[in-house]
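Residue numbers (the working numbering): 1125 to 1223.
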(Lines of atoms letter the chains of each structure in order from A and count residues from 1; the text may use other names and numbers.)
(Lines give C-alpha, C1' and ligand atoms only; values in the text may rest on other atoms or scores of the structure.)
Protein backbone atom coordinates (compact mmCIF):
# COMPACT_ATOMS: atom_id res chain seq x y z
CA UNK A 1 0.00 0.00 0.00
CA UNK A 2 2.26 2.88 1.10
CA UNK A 3 3.50 4.79 4.11
CA UNK A 4 3.47 8.25 5.62
CA UNK A 5 6.66 9.31 7.39
CA UNK A 6 6.85 12.98 8.44
CA UNK A 7 10.16 14.60 9.38
CA UNK A 8 9.57 14.03 13.13
CA UNK A 9 10.03 10.31 12.59
CA UNK A 10 13.62 10.92 11.52
CA UNK A 11 14.42 13.71 13.97
CA UNK A 12 12.60 12.49 17.09
CA UNK A 13 12.14 8.80 16.37
CA UNK A 14 8.33 8.85 16.39
CA UNK A 15 5.27 10.49 14.82
CA UNK A 16 3.28 12.83 17.05
CA UNK A 17 -0.46 12.19 17.09
CA UNK A 18 -3.47 13.43 19.06
CA UNK A 19 -6.81 12.10 20.17
CA UNK A 20 -9.71 13.51 18.12
CA UNK A 21 -11.10 15.46 21.05
CA UNK A 22 -9.93 18.62 22.80
CA UNK A 23 -6.35 17.34 22.56
CA UNK A 24 -6.31 17.75 18.77
CA UNK A 25 -7.53 21.34 18.99
CA UNK A 26 -5.10 22.31 21.77
CA UNK A 27 -2.15 21.02 19.77
CA UNK A 28 -3.32 22.55 16.48
CA UNK A 29 -3.98 25.96 18.04
CA UNK A 30 -0.62 25.94 19.84
CA UNK A 31 1.63 24.64 17.05
CA UNK A 32 -0.19 25.38 13.80
CA UNK A 33 -2.35 28.46 14.48
CA UNK A 34 -3.39 30.04 11.17
CA UNK A 35 -1.58 27.47 9.03
CA UNK A 36 -3.60 26.59 5.92
CA UNK A 37 -3.65 23.32 4.00
CA UNK A 38 -3.66 20.99 7.01
CA UNK A 39 -5.48 17.68 7.10
CA UNK A 40 -6.42 15.29 9.89
CA UNK A 41 -5.66 11.63 9.33
CA UNK A 42 -8.11 9.35 11.10
CA UNK A 43 -6.22 6.19 11.94
CA UNK A 44 -7.54 2.79 12.99
CA UNK A 45 -5.04 1.84 15.74
CA UNK A 46 -5.73 -1.87 15.32
CA UNK A 47 -4.50 -1.66 11.71
CA UNK A 48 -1.16 -0.01 12.51
CA UNK A 49 1.99 -2.01 11.91
CA UNK A 50 4.42 0.12 13.97
CA UNK A 51 4.20 0.35 17.75
CA UNK A 52 1.79 2.92 19.20
CA UNK A 53 2.67 4.20 22.68
CA UNK A 54 0.71 6.55 24.93
CA UNK A 55 3.24 8.85 26.55
CA UNK A 56 3.26 11.99 28.67
CA UNK A 57 5.31 15.02 27.69
CA UNK A 58 6.20 15.38 31.36
CA UNK A 59 5.13 13.49 34.49
CA UNK A 60 1.46 14.05 35.26
CA UNK A 61 0.63 15.59 31.88
CA UNK A 62 -1.87 14.35 29.33
CA UNK A 63 -0.98 11.15 27.45
CA UNK A 64 -0.34 11.55 23.72
CA UNK A 65 -0.22 8.80 21.10
CA UNK A 66 3.24 8.41 19.57
CA UNK A 67 3.81 6.12 16.63
CA UNK A 68 7.25 4.50 16.40
CA UNK A 69 7.40 3.94 12.67
CA UNK A 70 5.77 5.18 9.47
CA UNK A 71 1.98 5.10 9.22
CA UNK A 72 0.94 2.31 6.90
CA UNK A 73 -1.68 3.92 4.67
CA UNK A 74 -4.13 1.04 5.00
CA UNK A 75 -4.55 2.15 8.65
CA UNK A 76 -5.83 5.58 7.51
CA UNK A 77 -9.62 5.41 7.40
CA UNK A 78 -10.27 9.07 6.46
CA UNK A 79 -8.47 12.26 5.51
CA UNK A 80 -10.30 15.39 6.66
CA UNK A 81 -9.59 18.96 5.61
CA UNK A 82 -8.55 21.04 8.63
CA UNK A 83 -8.58 24.74 7.70
CA UNK A 84 -8.13 27.41 10.36
CA UNK A 85 -11.01 29.66 11.31
CA UNK A 86 -10.72 33.37 10.33
CA UNK A 87 -9.00 34.16 13.67
CA UNK A 88 -6.42 31.41 13.08
CA UNK A 89 -7.71 28.87 15.60
CA UNK A 90 -9.12 25.52 14.59
CA UNK A 91 -12.48 23.82 14.88
CA UNK A 92 -13.03 20.07 14.71
CA UNK A 93 -13.97 18.90 11.23
CA UNK A 94 -17.66 18.09 10.90
CA UNK A 95 -17.01 14.33 10.81
CA UNK A 96 -15.47 14.55 14.30
CA UNK A 97 -18.12 16.78 15.88
CA UNK A 98 -20.80 14.12 15.89
CA UNK A 99 -24.52 14.67 15.44
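A virtual CB, placed ideally from N, CA and C, is assigned to each residue, including glycine.
Short of 6 Å from the beta carbon of residue 1148, and not among the five residues preceding or following it, lie these beta carbons of its own chain, in chain order: 1142.
The DSSP-derived three-state label of residue 1143 is coil. Between residue 1195 and residue 1127, the CB-CB gap stays under 8 Å.
Under the three-pair Cβ rule at 8 Å, the stretch 1202-1211 does not count as touching the stretch 1174-1181. Judged by their CB atoms, residue 1138 and residue 1220 are not nearer to each other than the 8 Å cut-off. Shown here, residue 1188 sits in a strand according to DSSP, grouped into three states. A distance below 8 Å between beta-carbons, with the five flanking residues on each side excluded, links residue 1203 to the following residues of its chain, in chain order: 1163, 1164, 1165, 1166.
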